[in-house]
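*Asks:* Following the working numbering, the numbering of the sequence shown begins with 2 at its first residue and continues without gaps.
One structure coming up, written as structure tokens, with questions to follow.
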Amino acid sequence: MTHTYYRSSLKKIPKNNIIIKKSKLPFIINITLQDYNKENIIYSEEDIIRCEKCKTYINPYVEIIPPGHQWKCNMCFSINKVTQPFYRSGDSMGGDGLYNTTSSPYINSSSPYTTNTNTNTNTNTSTFNPLANYSNNKHYNSLELTHTVIDVLASPNYILKSPSPPIYIFIIEASVISFKNGMIDVFIRSVLDNLENVPNVNGRAKFMFMFYNSKLYIIRRGEGEGEGGGSKDIGINKGSNNEEYTNNQEYNTKNTPSLTVISDFSEMPLVMENDFLFSFEEIKNINFNIFKEILLCDNEVLNDLGGVLKFVNFFLEKSGGGGSVLVGMCSVPNIGCGCIDVKDESFLCKNTFYKEIASEFSRNYISISYFLFPNLNMEIPSLSVLSRYTGGVMHYFPNFSCKDELHSCKVYGDMGRFLSMDVGFEGVCRVRMPKECVFKEFYGNFHLKKPDLLSFSNFYACHSFSFEIEICGDLNVNALCVQVACLRTVNEIRKIRILNFCIPVDLKNSVGDFYKNIDFYALVHGYVLKGINNILKNKNEPFEFINKTVKEIYKGYLNNTGKNIGNGKLPEELEEIPLLLLCAYKSVALRTSNYTPMDYKVFYSYLFTVGYPKFIDLLIYPNLIGLHLIYEEIYLNGMDVPVNYDKYRCRLSLDYLEISGFYLLDTGVNIFFFVGSECNNEMVEMLFDSELKSGRINVGIKDNNFSKIVCKMLGMFICGRYLSPNYFYVRDTGESDIYKDIFFSYFLEDSVHGLPSYNEFIKNLRLDG
2 MTHTYYRSSL KKIPKNNIII KKSKLPFIIN ITLQDYNKEN IIYSEEDIIR CEKCKTYINP
62 YVEIIPPGHQ WKCNMCFSIN KVTQPFYRSG DSMGGDGLYN TTSSPYINSS SPYTTNTNTN
122 TNTNTSTFNP LANYSNNKHY NSLELTHTVI DVLASPNYIL KSPSPPIYIF IIEASVISFK
182 NGMIDVFIRS VLDNLENVPN VNGRAKFMFM FYNSKLYIIR RGEGEGEGGG SKDIGINKGS
242 NNEEYTNNQE YNTKNTPSLT VISDFSEMPL VMENDFLFSF EEIKNINFNI FKEILLCDNE
302 VLNDLGGVLK FVNFFLEKSG GGGSVLVGMC SVPNIGCGCI DVKDESFLCK NTFYKEIASE
362 FSRNYISISY FLFPNLNMEI PSLSVLSRYT GGVMHYFPNF SCKDELHSCK VYGDMGRFLS
422 MDVGFEGVCR VRMPKECVFK EFYGNFHLKK PDLLSFSNFY ACHSFSFEIE ICGDLNVNAL
482 CVQVACLRTV NEIRKIRILN FCIPVDLKNS VGDFYKNIDF YALVHGYVLK GINNILKNKN
542 EPFEFINKTV KEIYKGYLNN TGKNIGNGKL PEELEEIPLL LLCAYKSVAL RTSNYTPMDY
602 KVFYSYLFTV GYPKFIDLLI YPNLIGLHLI YEEIYLNGMD VPVNYDKYRC RLSLDYLEIS
662 GFYLLDTGVN IFFFVGSECN NEMVEMLFDS ELKSGRINVG IKDNNFSKIV CKMLGMFICG
722 RYLSPNYFYV RDTGESDIYK DIFFSYFLED SVHGLPSYNE FIKNLRLDG
């Protein structure tokens, strides 16, 4: 049974946990709790039913005990009573609304459960069958019993206070650099043009805009304007240099928005939230150009992000609710409490301030997301601490320039997706599994409150998270059940997203079946997460880790099977693991920093940590498609357009690259079109203009079948992808070309980035050593 909301490194689990321990393979599950595209998920406002002992929500894998007054929990196997009995649609019913037990084919009259009235009594787990329960429960009247993914309305006891209006705060750097590269213009325009797509935008959603350099400039409503009016003293800190700008000459009426300026962050000013929070309709009437003119006169090169973050935390804490904060910036903080030393190139945070305030943001349910526009180093290792612990999103636009229209288009596209996404405010998530399972590690953008409890200041649907499990005892059921429940506020309604799934258990303990039921990409993703953790903890180098990992897997295989392969060769069923591991460790996130700037490494680590499985697979092993093969087989020979393009996939080695070939390389973040030196120009010109040079491009449909086929394929590839990819055209002219070098750097089976080719790696592995 497939499930789009999770992926497990083990597709089938042996009953005996010794097999997993001997194998040395991590048991890692990735959870995609919500599709960022619009979903069609069942929503229930019925009373919530939970196990009295372990608090598991009733779900399709529980056992309903006839005649319907009791159910057996699939986690702790306790028996629970219900006030309203369950009944099957279409079954013969008695006058009291219960089963007619003499006619129902589902009733076993000799079942011990029909007379058991004790609540929370553990029963023999060997009789428990989650997979059969799943099939049987499809016939019941309860939504929770028929849907593995469901949203339920949180009851009042889940709600400590009434949900606050969603608050979105935009913090925009206003330094010389931000004006020079055009970041400030593009950021503001992309926000304003997409603001109408914010969920609940015409409801109670509120917006706040602020600019900063060495000072903070907050847009404030005019006197007497809006619901709450305001006070003249708001934003002015007694004894400090804080002041208020009103717009000059043409823009200085009483009801006109102005700029409140804070230049001293040592003592926070008293503020009234109504003076700074605007509705969507009010934002539409603000002239941002005049504010930009005022800020441009500052000619500032200083960046006091730390002081700004302190104010935002103070403001939202006093407002009584959390919020979604988006920071648009292009330079490194160089003054104040958030100042960062850029000399130290490492994965580690360079200023403890970011860790400390991240903890405060998490406690106050404030999420920090970034749109980063650097020309040089941005020091993402320190900045990313905030988004990591508050559930925030990160977008990265290196070498940004507004003069490049394609740069601006990408910002527009990514901003549109970010602002239109459903945000789960004040999210709390719990993962439940049977007592035999122990959580070893969690990976993602959240704050871990307890071993099974995650806190998301905001839960963003574009994110996934992962966890590693250790099984500490034998499993006496035919499937391992997992339940993930996330409580969050969506459109001012407190909802619980409940995800249920189960992984089959092999009761025969077949070692052969165990190795045949490994999801190699999910497994390698788990190793990448462990490798990133090792770097963060300043442990061994990634390449040392991969050598050790492959040797452990090989020894585990020998211990489990007793087979002696001989000559240090890998068994056939494991051959794909070292290939994918080596490719993953040549990826941007894990290869040595001599070949890759640290900011790139940290950004790609973020993508590995929170990305969807389909996207992560491309980060591990990019997809190389021979377009010339499609041209020959489909366009020239008139064959039908295929649904599956796997037959046109090529290995990532120059040995398989034809100089007359035309290729598409999808790396997840970037998509390349490569034209070989002897490629048929007529074929290429069916997609691109003949005079096109190597570089960033925009892909459009031309009026021919080949172009339509390729664009349709592209649409399939990027469907469901949150980040809009960069497109590049690369032509091999025989001359040196930076784009050609980047393209060939993705041929991961060859020797690149100072790491050996796959054949060299296997040859030097010394598995018998």
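Glycine is no exception: its CB is placed at the ideal position from the N, C-alpha and C atoms.
The structure presented is a predicted model; accordingly, all values stated were derived computationally and were not measured.
I'd like to know if the segment 609-618 and the segment 504-524 are in contact, where contact means that at least 3 CB-CB pairs between them fall below 8 angstroms.
*Replies:* yes
*Asks:* Just the Cα atoms here: how many angstroms apart are Y622 and R650?
*Replies:* 12 angstroms
*Asks:* Counting beta carbon pairs with one atom in the segment 464-473 and one in the segment 424-438, are three or more of them shorter than 8 angstroms?
*Replies:* yes
*Asks:* Please say whether M684 and F718 have beta carbons closer to each other than 9 angstroms?
*Replies:* no
*Asks:* For my contact list, L349 and R592 are in at a C-beta cut-off of 8 angstroms; report their separation, rounded to the angstrom.
*Replies:* Between R592 and L349 the Cβ distance is about 18 angstroms, and since that is not below 8 angstroms, they are no contact.
*Asks:* I'd like the list of long-range same chain contacts for N671, defined as Cβ closer than 7 angstroms, with 5 residues on each side in sequence excluded.
*Replies:* P726, N727 and F729
*Asks:* Classify V153 as buried or exposed, calling it buried when 16 or more other Cβ atoms lie within 10 Å of its own Cβ.
*Replies:* Buried.
*Asks:* Report back the beta-carbon spacing between P200 and N624 to the nearest angstrom; my notes put them in contact at under 8 angstroms.
*Replies:* Incorrect: roughly 33 angstroms between the Cβ atoms, too far for contact.
*Asks:* S215 bridges to which residues according to DSSP?
*Replies:* Its beta-bridge partners do not exist; DSSP assigns none.
*Asks:* If we ignore side chains and look at the alpha-carbon of each, how far apart do L407 and L658 end up?
*Replies:* 29 angstroms
*Asks:* Go through its chain and collect everything with a Cβ distance to V302's Cβ below 7 angstroms, but skip five positions before and after it.
*Replies:* Answer for V302: S176 and V177, listed in chain order.
*Asks:* Which value, in whole angstroms, describes the spacing of the CA atoms of N534 and F443?
*Replies:* 10 angstroms
*Asks:* Suppose contacts are defined by Cβ-Cβ distances below 9 angstroms. Is S695 in contact with Y747 by that definition?
*Replies:* no
*Asks:* Determine the direct distance from the alpha carbon of D265 to that of G240, and round the result to whole angstroms.
*Replies:* With a pLDDT of only 37 at G240, under 50, the local geometry of the prediction cannot be trusted, and the value read off the model is given with reservation. Between G240 and D265, the C-alpha separation is close to 10 angstroms.
*Asks:* In or out: R51 buried (at least 16 other Cβ within 10 Å) or exposed?
*Replies:* exposed
*Asks:* Count the other CB atoms within 10 Å of the CB of P452; is the residue buried (16 or more) or exposed (fewer)?
*Replies:* exposed
*Asks:* I need the straight-line Cα distance from V313 to L327, nearest angstrom please.
*Replies:* 11 angstroms
*Asks:* If you reduce the DSSP assignment to three classes, tell me which class G428 lands in.
*Replies:* strand
*Asks:* Take I263 as the anchor and find which of F281, N300 and G308 has the nearest alpha-carbon.
*Replies:* G308
*Asks:* Can you give the Cα-Cα distance for G701 and E469, rounded to whole angstroms?
*Replies:* 43 angstroms
*Asks:* What number of angstroms, rounded off, separates the C-alpha of E573 from the C-alpha of V551?
*Replies:* 14 angstroms
*Asks:* Cβ atoms of L377 and I358: under 9 angstroms apart, would you say?
*Replies:* no
*Asks:* Between the alpha carbons of P543 and G204, how many angstroms are there, rounded?
*Replies:* 49 angstroms
*Asks:* Does N446 come out as helix, strand or coil in the three-state DSSP assignment?
*Replies:* coil
*Asks:* Can you give the Cα-Cα distance for L766 and L581, rounded to whole angstroms?
*Replies:* 15 angstroms
*Asks:* Ignoring anything shorter than 3 residues, give me the beta strand (DSSP E) runs that lie fully in the segment 614-665, in order along the chain.
*Replies:* The DSSP assignment places complete beta strand (DSSP E) segments of no fewer than 3 residues inside the segment 614-665 at 624-627, in order along the chain.
*Asks:* N158 to R495, Cα distance in whole Å?
*Replies:* Rounded to the nearest angstrom, the gap between the Cα atoms of N158 and R495 is 11 angstroms.
*Asks:* Please give me, in chain order, every unbroken run of the beta strand (DSSP E) with length at least 3 that falls completely inside the segment 132-164.
*Replies:* 150-154
*Asks:* What number of angstroms, rounded off, separates the C-alpha of N400 from the C-alpha of P375?
*Replies:* 6 angstroms
*Asks:* Just to confirm my understanding: we take I151, look at its own chain, exclude 5 residues before and 5 after, and list those with CB closer than 7 angstroms. What are they?
*Replies:* I42, I43, S45, L144, E145 and I499
*Asks:* Go through the segment 661-732 residue by residue and report every complete run of the beta strand (DSSP E) that reaches 3 residues or more, in order.
*Replies:* 663-667, 671-676, 696-698 and 727-732
*Asks:* If I follow the unbroken alpha helix (DSSP H) through S79, where does it start and stop?
*Replies:* Neither: S79 is in no alpha helix (DSSP H) and is coded neither H nor E.
*Asks:* Between which residues of its own chain and G393 is the CB-CB distance below 6 angstroms, once the five residues before and five after are set aside?
*Replies:* S368, I369 and S370
*Asks:* Rounded to whole angstroms, what's the CA-CA distance from N446 to S347? Just pull it up for me.
*Replies:* 20 angstroms
*Asks:* Measuring CB to CB, does N561 end up less than 9 angstroms from I80?
*Replies:* Going by C-beta atoms, N561 is not nearer than 9 angstroms to I80.
*Asks:* Taking a contact to mean a Cβ-Cβ separation below 9 angstroms, would you say F673 touches V711 in this structure?
*Replies:* no
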